[in-house]
Amino acid sequence: MINSIGAVRRQFEAAARRYDERADAASTAALREYYRGRADEARASASAVQRLEAAEQELDPTDVIESHSTNQDS
21 MINSIGAVRR QFEAAARRYD ERADAASTAA LREYYRGRAD EARASASAVQ RLEAAEQELD
81 PTDVIESHST NQDS
């Protein structure tokens with residue numbers, strides 16, 4: 021799953037770069053502002069996915085198994 025999360029992060033990063041390029045080429049201030057906003061959103065999404073990726077790497081599968089068996093015993 022980590023590989024697919026990394027792929028999602030890279031897609032958001034690429035989208036941010038594309039929006040930055042569009043903003044640089046925009047003919048009006050309104051378009052530049054729109055594309056900069058979209059780039060910021062894509063970067064924020066990439067950052068969120070990166071935090072998810074880091075959390076998943078820290079996850080200990082035995083904790084999940086122990087928690088699941090404890091819930092079933094209740």
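The numbering used here numbers the first residue of the sequence shown as 21 and each following residue consecutively. The beta-carbon is built from N, C-alpha and C at its ideal position, and this holds for glycine as well.
Taking residue i and residue j to be in contact with their CB atoms under 8 Å, please state how far apart those CB atoms are, rounded to whole angstroms.
| i | j | result |
| --- | --- | --- |
| R29 | Q70 | 6 Å |
| A35 | A62 | 4 Å |
Relative to the C-alpha of residue i, which residue among the options is closest?
| i | options | result |
| --- | --- | --- |
| A66 | F32, A74 and A46 | F32 |
| D40 | E78, R58, S24 and T48 | R58 |
| I25 | A74, L79, E78 and D80 | A74 |
| R38 | D60, A50 and T48 | D60 |
Excluding sequence positions up to five away, which residues of its chain have a Cβ less than 7 Å from the Cβ of residue i?
| i | result |
| --- | --- |
| R46 | Per the sequence shown, the amino acid found at residue 46 is Ala instead of Arg. If we look at A46 and ignore the five residues flanking it on each side, its Cβ neighbours are R52 and Y55. |
| R42 | Y55 |
> What runs of the alpha helix (DSSP H), each 4 residues or longer, lie entirely inside the segment 46-82?
Replying inline: 49-78
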